[in-house]
Amino acid sequence: MPEILTVPPFSARIVERLSVGVTSRRERVVHSLDGLEDPVHPDALAGTGTRLWQRLQEGMPDGLDPVDFLLGLDAGGILPTVSLSGAARLPYKIAWKLHLPLDGAVRFTEPHAMRTDVFAYGITAGQRIVLVDDEITTGRTLADLTLRLREAGAVPLAAACLVEDTTRGARALLAGLGLPLVSLTTIEGQA
């Protein structure tokens, strides 16, 4: 008989990072998909993607159709991008901190990281893209990505994240660029 799994609700909190350099962020968002504290069951990954897709659809009153693909940010953005891709049945790409000789390169910056240059590849004019990350604090990375995608002629439709720190102004920054932000959960403050 198959096991019936109860998927716990998504959770997140901010913790202090230990042994970090002076230019690095002093805090880290720990959430229930990152696998840091507890193993992540595939049903939790799928369920989180489904809930994020529902929020995204509800948060876009004019709709999203058509979306060409999701663009996730490397490292933390991979899991939410893959889970959202499965739920929405949309293809995805991942932006990497790898400078490669590939067509359609769009370079943007992640100002709080040690290595700040990030690259999305295969970007062409007219592509309609939903941006995905695990957490949004200041919004500066997604703001820069939005501007660089528009310079390339692409159309960023919205940003989706698992966790939004509501105290750092990301939502207002992205709204000022005409980019709606949808988050699965919000947290406030520092560790």
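Read in order, the letters of the sequence shown correspond to residues 15 to 205 in the working numbering.
All C-beta atoms, glycine included, are put in the ideal place defined by N, C-alpha and C.
None of the values given here were measured: they were computed from a predicted structure.
| task | Buried or exposed for Val-132, please, with buried defined as at least 16 other CB atoms from any protein chain shown within 10 angstroms of its CB. | result | Taking a 10 Å sphere around the C-beta of Val-132, we find 16 or more other C-beta atoms and assign the residue as buried.
| said: Can you tell me whether Gly-63 is buried or exposed? The criterion is at least 16 other CB atoms within 10 Å of its CB, across all chains shown. | reply: Classification of Gly-63: buried, given that the 10 Å Cβ count is 16 or more.
| message | Quick test of your reading: Leu-191 and Thr-155, contact by CB under 8 angstroms. State the CB separation rounded to the nearest angstrom. | response | With 8 angstroms as the limit, Leu-191 and Thr-155 do not qualify as a contact, their Cβ atoms being about 13 angstroms apart.
| field | Reduced DSSP secondary structure (H/G/I, E/B, other) of Leu-145 | value | In this structure, Leu-145 counts as strand in the three-state DSSP scheme.
| query | Can Arg-185 and Leu-195 be called in contact, C-beta distance under 7 angstroms? | reply | In this structure, Arg-185 lies near Leu-195, with their beta-carbon atoms less than 7 angstroms apart.
| request: In angstroms with no decimal places, state the Cα-to-Cα distance between Ser-97 and Ala-60. | output: Rounded to whole angstroms, Ser-97 to Ala-60 spans 6 angstroms at the Cα level.
| From His-55, Met-74, Leu-193, Glu-30, residue whose alpha carbon lies closest to that of Gly-153 | Residue Leu-193 is the option with its Cα nearest to Gly-153.
| Taking the runs of the alpha helix (DSSP H) that are 4 residues or longer, which of them lie wholly in the stretch 27-91? | Complete alpha helix (DSSP H) runs here, min 4: 56-73.
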